[in-house]
Structure formats: C-alpha cells, structure tokens
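Colleague: First, the structure itself, so that you have it in front of you.
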Amino acid sequence: AQSVSQHNHHVILSEAASLELGCNYSYGGTVNLFWYVQYPGQHLQLLLKYFSGDPLVKGIKGFEAEFIKSKFSFNLRKPSVQWSDTAEYFCAVNHDAGNMLTFGGGTRLMVKP
Amino acid sequence: NAGVTQTPKFRILKIGQSMTLQCTQDMNHNYMYWYRQDPGMGLKLIYYSVGAGITDKGEVPNGYNVSRSTTEDFPLRLELAAPSQTSVYFCASRRQGLNYGYTFGSGTRLTVV
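Chains A and B supply the protein sequences, listed in that same order. Take any residue in the first sequence, note its place counting from 1, add 570, and you have its number in the numbering used here. Take any residue in the second sequence, note its place counting from 1, add 22, and you have its number in the numbering used here.
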C-alpha cells in the first residue's frame, strides 16, 4: 500500500526564519501531490498542488513546494515564516488518478513571535 | 454557498451507543469522503463515495457504515461505539477531477467513554 511520510512531527521556529517541511511517498508511478494546512480549530485548506509541468509549484501565503521525482519527495518551503503560519501541515498523495488521497501524519509548526 | 457542513461539532457517547455523523455539501460534488484524524497519525480514510448509490471502504472501515442516497448527503454511522473511535471526523468532497482538490468540513470531535 502507498504511504506518505512526514518526518518532522513538531517544528518550532522564530518569526522570519526559513521553513522546510519534508514529505516522502512510497509509490513509484504517476502521482499528484498536495499540501494542506490546518489552522488551530479549523478544517483543512489546500495550500498548493502539483500535477505536472514545472516541479516547483507556488501556493498561497508565500508557500512553495518542489517535486523531486528521483527522491520521491515533495517538500514544502517558505523563506520567512510569520506567527500566523502556526498550524499543522499535511502532505497528501494521489496515485494514478485514483479516487482518494493518502495523507501523511502531519507536521505541527509553531512560530514564536 | 455553505460548502461542506458537518453536524454535530462535538459529541460524547457512551460505549455501545450508536450515532450518525451528518455531512452535507451544496456544491454538487460527486465524490465524498469520511476521514478520521488522530494525533500524529494524519488522516485515515474510512469510507468514500463516487456518486449517489455508490460507496466503498477506505483504510479503516471497521465499526462504521455509510450510505449515499443523494448527491448532497453522506452520513457516517457508528453502530456500537468503542473508545477506539474517539477521534475527530472530517467529511470532504470534490468535483470530478482531482485538480480541484478536496473541500473539507469543519469536523466533528467525538469522545467515547
């Protein structure tokens, strides 16, 4: 079965620090990749997605992610985090245009003001 | 346009009780999903539906049932609640084509005591 790994479970950063959250998946075929964010007490919202083309995708709120096929990775980055980025971040993968997403375990980010 | 609406937001059940978690979407989405979210485990798919009258099991279907009699509604039924079902439950929907991503409801926090 396909799996998605997010190795950093908790990350604490100061404001203006750079962010990189790791995401690796296990499936070797065609994949569609997503990052979702869950702010405290809220539901999941889509940050960005990759389907094809340029492996560097830009999302909302200054986030970007890079798809590296050879490494089975889709890491999320932001050059300078803000206190309002405090949230839990989930990587998700769909393979072969199937009907469902497989989610990683999430990374809880805390940004100190 | 309300999106995906889940009720109730919170519920405490006693072991062995039953309940139905409601999910309604007003976007005419064919695809609907139920996930449970446990700390550090990400989201696990319980059941999903690709259209009215069609449902299928996800990763963790045991102890749950669903039905999809209309496009709008996708209720999740717990027949004999167990402490292991203590979790946050999210309903999601999407239109045809994963390019649109999922729209999530605000979740139901269920505690079984």
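A virtual CB, placed ideally from N, CA and C, is assigned to each residue, including glycine. The structure presented is a predicted model; accordingly, all values stated were derived computationally and were not measured.
Against chain A, with Cβ distances strictly below 7 Å, would residue 128 of chain B count as a contact?
Modeller: Yes - at least one Cβ of chain A is within 7 Å of the one on residue 128 of chain B.
Colleague: Please classify residue 620 of chain A as buried or exposed, where buried requires at least 16 neighbouring CB atoms within 10 angstroms.
Modeller: When all chains shown are included, residue 620 of chain A counts as buried.
Colleague: Please return the same chain residues whose Cβ sits closer than 6 Å to the Cβ of residue 32 of chain B, not counting the five positions on each side in sequence.
Modeller: Excluding positions up to five away in sequence, the list reads 131.
Colleague: The beta strand (DSSP E) spanning residue 587 of chain A covers which residue range?
Modeller: Where residue 587 of chain A is concerned, there is no enclosing beta strand (DSSP E), given that its DSSP letter is neither H nor E.
Colleague: Can you give the beta carbon distance from residue 64 of chain B to residue 675 of chain A, rounded, assuming they're within the 8 Å contact cut?
Modeller: At roughly 4 Å, the Cβ-Cβ gap stays under 8 Å, so residue 64 of chain B and residue 675 of chain A are in contact.
Colleague: Please confirm whether residue 123 of chain B has its beta-carbon closer than 7 Å to some beta-carbon of chain A.
Modeller: Yes, residue 123 of chain B counts as interfacial toward chain A.
Colleague: Cβ closer than 9 Å: which chain A residues qualify as neighbours of residue 132 of chain B?
Modeller: Result: empty, since nearest Cβ-Cβ is about 16 Å, beyond 9 Å.
Colleague: Could you tell me the distance, in whole angstroms, from the CA atom of residue 85 of chain B to the CA atom of residue 43 of chain B?
Modeller: Their Cα atoms are separated by approximately 13 Å.
Colleague: List the endpoints of the continuous beta strand (DSSP E) containing residue 680 of chain A.
Modeller: From DSSP, the beta strand (DSSP E) with residue 680 of chain A extends over 677-682.
Colleague: Is the separation between the beta-carbon of residue 664 of chain A and that of residue 593 of chain A shorter than 7 Å?
Modeller: In this structure, residue 593 of chain A does not lie closer than 7 Å to residue 664 of chain A by Cβ.
Colleague: Beta carbon of residue 95 of chain B, beta carbon of residue 125 of chain B: below 7 Å?
Modeller: No.
Colleague: Return the first residue and the last residue of the beta strand (DSSP E) that residue 101 of chain B is part of.
Modeller: Residue 101 of chain B -> no beta strand (DSSP E), and no H or E assigned at all.
Colleague: Would you call residue 680 of chain A buried or exposed, if buried means 16 or more other Cβ atoms sit within 10 Å of its Cβ?
Modeller: Answer is exposed; the Cβ neighbour count stays below 16.
Colleague: Using a C-beta to C-beta distance shorter than 8 Å, which residues of chain A count as neighbours of residue 70 of chain B?
Modeller: In chain order: 669, 670.
Colleague: Please go through the same chain and pick out, in chain order, the residues whose beta-carbon is closer than 6 Å to the beta-carbon of residue 596 of chain A, but skip the five residues on each side of it.
Modeller: Closer than 6 Å at the Cβ level, and outside the excluded window around residue 596 of chain A, lie 572, 573.
Colleague: What residues from chain A crowd round residue 63 of chain B, counting only those whose CB sits closer than 7 Å?
Modeller: Under the 7 Å cutoff, chain A gives 675.
Colleague: Tell me whether residue 36 of chain B sits in a helix, a strand or coil according to DSSP, three-state version.
Modeller: In the structure shown, residue 36 of chain B sits in coil (DSSP, three-state: anything other than H, G, I, E or B).
Colleague: Measuring CB to CB, does residue 99 of chain B end up less than 7 Å from residue 71 of chain B?
Modeller: Result no, Cβ atoms of residue 99 of chain B and residue 71 of chain B do not sit closer than 7 Å.
Colleague: Give the DSSP-derived three-state secondary structure of residue 655 of chain A in the structure shown.
Modeller: Three-state DSSP puts residue 655 of chain A in a helix.
Colleague: What is the DSSP secondary structure of residue 107 of chain B, counted as helix, strand or coil?
Modeller: Note: residue 107 of chain B maps to helix in three-state DSSP.
Colleague: Given a cut-off of 7 Å on the beta-carbon distance, is the pair residue 69 of chain B and residue 82 of chain B in contact?
Modeller: Contact flag unset, no.
Colleague: Could you list which residues in chain B have their beta carbon closer than 8 Å to that of residue 616 of chain A, in chain order?
Modeller: Near residue 616 of chain A (Cβ distances below 8 Å), the residues of chain B are 123, 124.
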